[in-house]
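*Asks:* Handing you a structure now.
Protein chains in written order, with this note's numbering: chain A, 516 to 694; chain B, 3 to 190; chain C, 26 to 396.
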């Protein structure tokens with residue numbers, strides 16, 4: 516199973532060696548809001564794909580975040596991509612071409628680890644630490660994967676859907692159930 | 003000389019009044035601005051809502067030189083030990099104003115990350131509600147504190163001071179207690 | 026036990042009281058002395074790995090790894106500090122006044138807004154988001170509202186867009202004035218603090234008149250804005266623009282030409298364009314390095330494509346460039362506000378979409394069951 520773009524077209528096998536620049540310039544379909552293209556690589560192809568994107572002009576990593584789809588009713592994915600509980604979403608910005616692209620990688624809950632983008636975009640260091648801290652995805656080859664927002668000895672990953680919000684009952688407002 | 007150690011008789015009465023007046027006229031706040039309320043605290047210290055007319059424009063950076071800690075902003079779980087440490091470093095007599103709803107009760111952030119009220123960590127003298135409280139509200143809180151210092155109510159309370167034990171499950175329905183600011187009336 | 030005058034006297038050991046705070050320790054985040062830190066970590070703390078452009082490799086011989094521990098001092102610029110403006114913990118290794126290595130620890134203001142936001146509705150979402158960057162609350166609300174409207178496919182009327190643009194530019198003015206005030210105060214000029222806040226009060230009172238609150242105004246909501254502009258807003262804005270514009274020239278007199286200010290800001294904190302891009306920096310910091318990237322010009326949103334303004338770009342990426350860019354942006358914002366004043370269309374200030382806006386009062390009483 517290889518990487519696919521939002522139309523379900525394969526964009527190459529896991530080695531990303533034949534990723535042609537022309538396929539990146541195809542903006543005829545918008546796979547997401549606010550971006551020109553959405554790409555769905557596998558975990559193995561992820562690092563290579565981002566490296567190729569950087570070389571083809573995406574100078575800045577605008578954001579890297581993780582999403583927990585545990586309570587999501589169902590999301591649209593191209594054929595051939597198996598949905599997992601977690602997704603790592605990377606938004607890249609090209610200042611020279613004024614384009615944005617989004618890379619979404621499925622990360623299974625049983626083995627929540629993925630390659631780190633630190634050697635490609637050093638600015639992703641803090642973003643990956645936040646994803647580790649709040650969702651629990653480990654980034655391999657990250658220089659310093661420690662908690663960044665929660666105290667050091669905190670247990671658990673707060674932004675996971677099965678982690679309660681920690682509300683205390685107050686007068687005039689009982690704790691609401693999940694929506 | 004601590005006011006509490008003086009024997010209370012008609013000779014020392016006027017000394018007490020003088021000391022209390024001196025204490026209230028030059029309360030020096032320590033900077034503990036955390037979030038949005040800090041901006042309103044700075045506005046209160048700036049031109050339009052001047053805190054200098056109360057003798058309070060010097061925000062001491064070192065807690066050892068400060069009398070008042072205005073906890074302005076939301077206190078996260080990571081910040082709580084730091085808050086306690088800064089409070090411990092202040093010297094008696096010291097007062098605390100909890101500014102804003104996040105410091106008073108956790109505010110709109112009723113979740114895992116925010117301490118639900120700084121009175122879980124330090125004793126608070128005046129609560130100033132608002133999100134953020136406008137500088138006028140903060141000045142009202144400060145004047146309430148001044149009045150409490152002037153009447154000696156604070157030192158009396160501390161002296162009697164065993165903390166009130168709350169019952170686990172109150173049997174009667176909860177009735178809100180009137181806040182002190184309303185009881186004292188509008189300060190002149 | 027100790028001996029005083031040949032008598033055994035028990036020594037009193039004063040224990041630290043149990044109720045005081047335990048020392049805050051950051052665990053693996055500690056900045057240790059050079060002798061105790063592996064070399065690659067020293068490189069990272071000195072900024073070696075993060076701050077070099079592509080293709081350059083820091084020569085390990087350039088960083089003074091051999092420097093002995095006695096010459097330098099490790100201090101903690103803790104979360105409560107007047108200059109950190111909010112809570113940031115910096116562990117620094119200093120040689121005199123020069124910072125050699127640093128490690129920053131954040132998270133002292135982590136509020137769990139994302140978790141809280143999961144339980145809110147569309148209308149309540151703006152109240153949560155507005156407190157994220159409390160110096161520019163309307164910008165946060167605009168981002169949230171634009172995203173919600175894009176996802177729901179809601180079109181908002183023109184007047185709402187222009188009102189949003191007006192409020193955003195006013196908020197930019199107040200945020201930059203705040204920056205200039207605190208920057209001046211950090212460098213010693215307390216008058217700049219007073220000036221900045223004095224101007225900010227004019228903007229705050231306009232916000233209070235229009236939105237109801239000075240800060241964290243829950244005004245820009247999905248579907249439009251919460252209320253229409255008040256009567257007489259044109260005169261208010263006129264006075265505001267005139268006053269603030271002429272006072273920016275006062276700031277020039279106070280700061281820009283002043284030798285002490287220039288010496289303290291020129292050449293300090295320099296950033297290269299490649300470093301800025303690698304570190305995902307945007308906004309005035311990126312523009313100060315020379316990259317002319319302004320989202321209002323390159324990917325216009327709201328009504329910015331119909332406004333005429335300049336994008337200010339610096340050269341050296343140092344503190345003085347950033348100061349100059351922000352001062353210039355105040356003037357550009359005033360210019361934009363004047364154009365908005367002329368071009369403001371008439372119309373409705375919000376769209377009546379049942380998903381995001383509550384119905385107007387007249388309809389509410391007849392569509393709800395009457396008791």
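Backbone N, C-alpha and C define an ideal beta-carbon position, used for all residues, glycine too.
1. As a quick exercise: from A/635, A/564, A/579, A/560, pick the residue whose alpha carbon is nearest that of residue 652 of chain A.
2. State the start and end residues of the unbroken beta strand (DSSP E) segment that holds residue 161 of chain C.
3. Given this structure, state the Cα-to-Cα distance separating residue 641 of chain A from residue 116 of chain C, to the nearest angstrom.
4. Along chain C, in chain order, which residues have C-beta atoms closer than 7 Å to that of residue 139 of chain B?
5. Note down, in chain order, every chain B residue with its Cβ under 8 Å from the Cβ of residue 609 of chain A.
6. Which whole-angstrom value describes the C-beta separation of residue 199 of chain C and residue 218 of chain C, a residue pair presumed to lie in contact below a C-beta threshold of 8 Å?
7. Kindly indicate if chain C contains any beta-carbon less than 8 Å away from that of residue 636 of chain A.
8. Start and end of the beta strand (DSSP E) containing residue 22 of chain B?
9. Label residue 380 of chain C either buried or exposed according to how many other C-beta atoms from any shown protein chain fall within 10 Å of its C-beta, with 16 as the threshold for buried.
10. Looking only at DSSP bridge pairs, what is residue 606 of chain A linked to?
11. For residue 82 of chain C, decide whether its Cβ has a neighbour in chain A, counting only Cβ atoms nearer than 8 Å.
12. Does DSSP classify residue 318 of chain C as helix, strand or coil?
13. DSSP has residue 129 of chain B in a bridge; who is on the other side?
14. DSSP on residue 583 of chain A, reduced to helix/strand/coil?
15. Which residues does DSSP list as the beta-bridge partners of residue 128 of chain C?
16. If we require 4 or more residues per run, which alpha helix (DSSP H) segments fall completely within the segment 257 to 325 of chain C?
17. Would you mind working out which of C/153, C/127, C/310, C/376 sits nearest residue 178 of chain C, comparing C-alpha positions?
18. Please list, in chain order, the chain B residues whose beta carbon lies closer than 8 Å to that of residue 682 of chain A.
19. Quick one: what's got a C-beta closer than 7 Å to residue 110 of chain C's C-beta in the same chain, skipping five residues either side?
20. In its own chain, which residues sit with a C-beta less than 6 Å from the C-beta of residue 117 of chain B, not counting the 5 before and 5 after it?
21. What's the C-alpha gap between residue 156 of chain C and residue 168 of chain C?
22. Applying the 10 Å Cβ sphere with the 16-neighbour rule, what's the burial state of residue 587 of chain A?
23. Just to confirm my understanding: we take residue 236 of chain C, look at its own chain, exclude 5 residues before and 5 after, and list those with CB closer than 6 Å. What are they?
24. Please report how far the alpha carbon of residue 181 of chain C lies from the alpha carbon of residue 261 of chain C, in whole angstroms.
25. On the criterion of 16 or more Cβ atoms from any shown chain inside 10 Å, does residue 23 of chain B qualify as buried, or is it exposed?
26. Against chain C, with Cβ distances strictly below 8 Å, would residue 116 of chain B count as a contact?
27. Does the segment 622 to 640 of chain A come within contact of the segment 559 to 566 of chain A, defined as at least 3 CB pairs closer than 8 Å?
28. Could one say the Cβ of residue 26 of chain B lies closer than 8 Å to chain C's Cβ atoms, at least one of them?
29. Locate the alpha helix (DSSP H) running through residue 217 of chain C, then write down its first and last residues.
30. With a 10 Å radius around its C-beta and 16 neighbouring C-beta atoms as the bar for buried, classify residue 556 of chain A as buried or exposed.
31. For residue 55 of chain B, count the other beta carbons within 10 Å of its own beta carbon; 16 or more makes it buried, fewer makes it exposed. Which is it?
32. Taking contact to mean 3 or more Cβ pairs, one atom from each stretch, closer than 8 Å, check whether the segment 669 to 686 of chain A and the segment 107 to 116 of chain B are in contact.
33. Have a look at residue 386 of chain C and residue 100 of chain B and give me their C-alpha separation to the nearest angstrom.
34. Residues of chain A with CB under 8 Å from residue 151 of chain C, in chain order?
35. So what's residue 106 of chain B in DSSP terms, helix, strand or just coil?
36. Excluding the five sequence neighbours on either side, which residues of its own chain have a C-beta within less than 6 Å of the C-beta of residue 293 of chain C, listed in chain order?
*Replies:* Per the coordinate set shown:
1. Stepping through the first chain from its first residue, residue 652 of chain A is reached at position 137. Nearest neighbour of residue 652 of chain A by Cα position, chosen from A/635, A/564, A/579, A/560, turns out to be A/579.
2. Sequence index remark: in the third chain, residue 161 of chain C carries index 136 (1-based). No beta strand (DSSP E) holds residue 161 of chain C; DSSP gives it neither H nor E.
3. Working through the first chain from its first residue, we reach residue 641 of chain A at position 126. Working through the third chain from its first residue, we reach residue 116 of chain C at position 91. Rounded to whole angstroms, residue 641 of chain A and residue 116 of chain C show a C-alpha spacing of 17 Å.
4. The residue labelled residue 139 of chain B in the question sits at position 137 within the second chain. Going along chain C, no residue has its Cβ under 7 Å from residue 139 of chain B, so there is no contact; the nearest lies around 11 Å.
5. Taking the first chain and counting its residues from 1, the one referred to as residue 609 of chain A is at position 94. Within chain B, no residue has its CB atom less than 8 Å from the CB of residue 609 of chain A, the nearest being about 35 Å off.
6. Taking the third chain and counting its residues from 1, one reaches residue 199 of chain C at position 174. Taking the third chain and counting its residues from 1, one reaches residue 218 of chain C at position 193. Not confirmed; about 14 Å, so no contact.
7. Residue mapping note: residue 636 of chain A aligns to position 121 of the first chain, counting from 1. Yes, contact with chain C.
8. Walking along the second chain from the start, residue 22 of chain B turns up at place 20. Here residue 22 of chain B belongs to no beta strand (DSSP E); instead the alpha helix (DSSP H) covers 12 to 27.
9. Position 355 of the third chain, counted from the first residue, corresponds to residue 380 of chain C. Per the 10 Å Cβ criterion, exposed.
10. By one-based count along the first chain, residue 606 of chain A stands at place 91. The partner list for residue 606 of chain A (beta bridge, DSSP) reads A/578, A/617.
11. Locating residue 82 of chain C in the third chain gives position 57, where the first residue counts as 1. The pLDDT assigned to residue 82 of chain C is 48, lower than 50, so where the model puts this residue is not dependable, and the model offers no usable value.
12. If you number the third chain from 1, residue 318 of chain C lands on position 293. In this structure, residue 318 of chain C counts as coil in the three-state DSSP scheme.
13. What you label residue 129 of chain B is simply residue 127 of the second chain in a count that begins at 1. Residue 129 of chain B is bridged to B/100.
14. In the first chain, residue 583 of chain A corresponds to position 68, counting from 1. Correct three-state label for residue 583 of chain A: strand.
15. As a position in the third chain, residue 128 of chain C is number 103, starting the count at 1. C/116, per the DSSP bridge assignment.
16. Along the segment 257 to 325 of chain C, the alpha helix (DSSP H) occurs as fully enclosed runs of 4 or more residues at 258 to 276, 284 to 290, 298 to 303, 309 to 313, 320 to 323, listed in sequence order.
17. By 1-based counting over the third chain, the position of residue 178 of chain C is 153. Ranking C/153, C/127, C/310, C/376 by Cα distance to residue 178 of chain C puts C/376 first.
18. Here residue 682 of chain A refers to the residue found at position 167 of the first chain. Taking the beta carbon of residue 682 of chain A as reference, the chain B residues within 8 Å of it are 112, 113, listed in sequence order.
19. Taking the first residue of the third chain as position 1, residue 110 of chain C is located at position 85. Within its own chain, the residues whose Cβ lies closer than 7 Å to the Cβ of residue 110 of chain C, once the five positions on either side in sequence are excluded, are 207, listed in chain order.
20. On the second chain, position 115 is the one that residue 117 of chain B refers to. Short of 6 Å from the beta carbon of residue 117 of chain B, and not among the five residues preceding or following it, lie these beta carbons of its own chain, in chain order: 77, 82.
21. The residue labelled residue 156 of chain C in the question sits at position 131 within the third chain. The residue labelled residue 168 of chain C in the question sits at position 143 within the third chain. Cα to Cα, the separation comes out at about 13 Å.
22. Here residue 587 of chain A corresponds to residue number 72 of the first chain, with the count starting at 1. When all chains shown are included, residue 587 of chain A counts as exposed.
23. The residue given as residue 236 of chain C occupies position 211 in the third chain. Apart from sequence neighbours up to five positions away, the residues of its chain that approach residue 236 of chain C with a beta-carbon distance below 6 Å are 242, 244, ordered along the chain.
24. Working through the third chain from its first residue, we reach residue 181 of chain C at position 156. Working through the third chain from its first residue, we reach residue 261 of chain C at position 236. So the two alpha carbons sit approximately 26 Å from each other.
25. Taking the second chain and counting its residues from 1, one reaches residue 23 of chain B at position 21. Counting Cβ neighbours within 10 Å, residue 23 of chain B comes out exposed, since fewer than 16 surround it.
26. Numbered from 1 along the second chain, position 114 holds the residue referred to as residue 116 of chain B. With 8 Å as the cut-off, residue 116 of chain B counts as an interface residue toward chain C.
27. These segments touch.
28. Within the second chain, the letter at position 24 stands for residue 26 of chain B. It does not: the Cβ of residue 26 of chain B has no partner Cβ on chain C nearer than 8 Å.
29. Indexing the third chain from 1 puts residue 217 of chain C at position 192. For residue 217 of chain C, the uninterrupted alpha helix (DSSP H) segment begins and ends at 215 to 236.
30. Taking the first residue of the first chain as position 1, residue 556 of chain A is located at position 41. Around the beta carbon of residue 556 of chain A, a 10 Å sphere encloses 16 or more other beta carbons of the protein chains shown; the residue is thus reported as buried.
31. Against the second chain, residue 55 of chain B aligns to sequence position 53. Burial call: exposed.
32. Enough Cβ pairs lie closer than 8 Å, so yes.
33. Along the third chain, read from residue 1 onward, the residue named residue 386 of chain C stands at position 361. Along the second chain, read from residue 1 onward, the residue named residue 100 of chain B stands at position 98. Roughly 38 Å between the two C-alpha positions.
34. By 1-based counting over the third chain, the position of residue 151 of chain C is 126. Under the 8 Å cutoff, chain A gives no residues; its nearest Cβ is about 18 Å from residue 151 of chain C.
35. Counted from its first residue, the second chain places residue 106 of chain B at position 104. Under the three-state reduction of DSSP, residue 106 of chain B is assigned to helix.
36. For the purposes of this step, residue 293 of chain C is taken as the residue at position 268 of the third chain. Cβ neighbours of residue 293 of chain C within its own chain (closer than 6 Å, five residues either side excluded): 343, 344.
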